[in-house]
Amino acid sequence: MNEKDLRATSIIRQYSAIAAGAGLIPIVGLDVAAIAGVEYKMLSELANVYGVEFRAERVRSIVAVLLGAYASKRLGMGFGSGVLKAVPVVGTMLGAISVPVLASGVTWAIGRVFVQHFAAGGTFLTFDPSKVREHFEAATASAA
825 MNEKDLRATS IIRQYSAIAA GAGLIPIVGL DVAAIAGVEY KMLSELANVY
875 GVEFRAERVR SIVAVLLGAY ASKRLGMGFG SGVLKAVPVV GTMLGAISVP
925 VLASGVTWAI GRVFVQHFAA GGTFLTFDPS KVREHFEAAT ASAA
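The following block contains the structure:
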């Protein structure tokens with residue numbers, strides 16, 4: 825690993841932990857917004873490491889597409905866990921366990937996909953979510 829990749833891995837590790845913490849927010853919806861904000865900030869820092877221009881409007885849509893595609897297949901349990909937070913006592917405990925793990929894993933996967941893309945010379949404008957979907961799903965599986 826070169827210096828950029830080591831720095832990027834450190835950033836991903838840091839933001840994955842922060843995303844897990846955001847997953848502990850007991851208010852349904854606020855946790856998801858906080859996690860998305862964490863991922864947005866992580867991508868800003870990763871872009872800086874690789875000298876890629878940060879395109880805020882593009883980043884929002886890319887993250888939404890990646891998460892939307894993933895959610896349609898796999899996040900039923902995670903979504904259900906988030907909704908469970910609304911159920912007093914038992915729901916809060918179950919959500920407190922599953923949502924942070926899910927948030928950390930998905931944040932890790934997003935970070936790894938972008939590191940691979942940036943290291944290959946890609947930018948936010950050249951990023952095609954459909955071309956990395958398989959890698960994204962593999963990264964989320966290995967992070968879980």
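The sequence shown begins at 825 in my numbering and counts up by one. For every residue, glycine included, the Cβ atom is placed at its ideal position computed from N, Cα and C.
Residue i: which of the options sits nearest, CA to CA?
| i | options | result |
| --- | --- | --- |
| G861 | Y874, V873, N872, G847 | G847 |
| R936 | N872, V956, S922, V923 | V956 |
By the three-class DSSP mapping on this structure, what secondary structure does residue i have?
| i | result |
| --- | --- |
| F960 | helix |
| I851 | coil |
| D829 | helix |
| T931 | helix |
| L1000 | A query on residue 1000 cannot be resolved here, the shown segment of the chain reaching from 825 to 968 and no further. |
| E877 | coil |
| A858 | helix |
Given a threshold of 16 other Cβ atoms within 10 Å of its Cβ, counted over all protein chains shown, does residue i qualify as buried or as exposed?
| i | result |
| --- | --- |
| L867 | buried |
| A927 | buried |
| P924 | buried |
| S840 | buried |
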